[in-house]
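Asks: Just so we're aligned: the sequence shown equals residues -19 to -1, 1 to 184 in mature numbering (1 follows the signal peptide of the UniProt record, and there is no 0).
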Amino acid sequence: MKKTIQMIPALGAACVLLAGCAIQRPESATLYDLGPARPMAVATALPTSLPAISMADVAAPGWLDRPLMFYRLDYQNDQQPRTYAQSRWLTPPTQMLTQRVKMRIAQAGGVVLPASDGAANMPLLRIEADDFMQVFDAPGHSVGRVALRASLFKGRVLVAQRSFSSQVPASQADAGGGARALAAASDAAIAELMQWLAALPQK
């Protein structure tokens, strides 16, 4: 009986070690971001110049403010978001979108400052991400879907508000294809947002 009791801790330690080997650690996951911000045709298609603005960090629901890569199987259960087990975003989508918008505005010759550094009389742009997900409408076929809601304030006065959405087919039915599709959909939505900003009265 004593020998049996003494073996239990050893067996427990072995099980813990085996379980540790079986669990995929976050450090071994494949990481993705939105890729390089290559020049866009929208920079030459703006009706007027972009106004100088300050910009708050992109906001999103809690589930979207994490580096998990979500996808949805619309053909099976469109109320069940899922995550890739071995793939992650490098940073949460909110951070990637904040940086992307600032880079795109700068590429188009605009001036954008963090909300904390903006002048008191400078318009404030707030963006909320309502969707940022790979969506499968059939096995092997998916799109990257992005939905943004932008609000422009002067002081506490809402000047204008508009929603932007875009979806781009994924070249592959996996996390890598979804990442590329979401990058393209993000750029398309941001391009529309910039055209909207440029068309707003600047006084």
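The beta-carbon is built from N, C-alpha and C at its ideal position, and this holds for glycine as well.
For I34, which beta-bridge partners are listed by DSSP?
Replies: V93.
Asks: Name the residue from H122, A87, V116 whose alpha carbon lies nearest to the alpha carbon of M175.
Replies: Considering only alpha carbons, the answer is A87.
Asks: Output the residue ranges of the alpha helix (DSSP H) runs that lie fully inside the segment 59 to 118 and measure 4 residues or longer, sorted by chain position.
Replies: Correct list: 74 to 88.
Asks: Can you pull the DSSP bridge partners for S146?
Replies: Its beta-bridge partners are A128.
Asks: Counting only the same chain and skipping the five closest in sequence on each side, list residues whose C-beta sits under 6 Å from that of V39.
Replies: Taken in chain order, the residues that qualify are T75, L78, T79, I108, A110.
Asks: DSSP on D168, reduced to helix/strand/coil?
Replies: Of the three classes helix, strand and coil, the one that applies to D168 here is helix, per DSSP.
Asks: Of the residues M84, Q60, Q57, which one's Cα is nearest the Cα of P18?
Replies: In the sequence on display, residue 18 carries Ala and not Pro. Residue M84 is the option with its Cα nearest to A18.
Asks: Using beta-carbon positions only, say whether V127 and S146 come within less than 8 Å of one another.
Replies: Yes, the Cβ-Cβ distance between V127 and S146 is below 8 Å.
Asks: Is it right to say C2 is buried, meaning 16 or more other beta carbons lie within 10 angstroms of its own, or is it exposed?
Replies: Below a pLDDT of 50, predicted positions are generally treated as unreliable, and C2, at 36, falls in that range; no measurement from the model is reported.
Asks: Output the distance between the C-alpha atoms of P104 and I171, rounded to the nearest integer angstrom.
Replies: Rounded to whole angstroms, P104 to I171 spans 18 Å at the Cα level.
Asks: Spatial neighbours of A37 within its chain, please: C-beta separation below 6 Å, excluding the five flanking residues on both sides.
Replies: Correct list, in chain order: A96, R107.
Asks: Quick one: what's got a C-beta closer than 8 Å to M50's C-beta in the same chain, skipping five residues either side?
Replies: Answer for M50: Y13, T64, Y65, S68, R69, W70, Q115, A156, G159, A160, listed in chain order.
Asks: Using C-beta distances below 6 Å, list every residue in its chain close to P62, excluding the 5 sequence neighbours before and after it, in chain order.
Replies: These residues qualify, in order along the chain: F51, R53.
Asks: So is R81 buried or exposed if we call it buried at 16+ other beta carbons inside 10 Å?
Replies: Burial call: buried.
Asks: Can you tell me which of R47, D118, T11, F113 puts its alpha carbon nearest to the alpha carbon of Y56?
Replies: Considering only alpha carbons, the answer is D118.
Asks: Please report the distance separating the alpha-carbon of A162 from that of D112.
Replies: Computed Cα separation, rounded: 14 Å.
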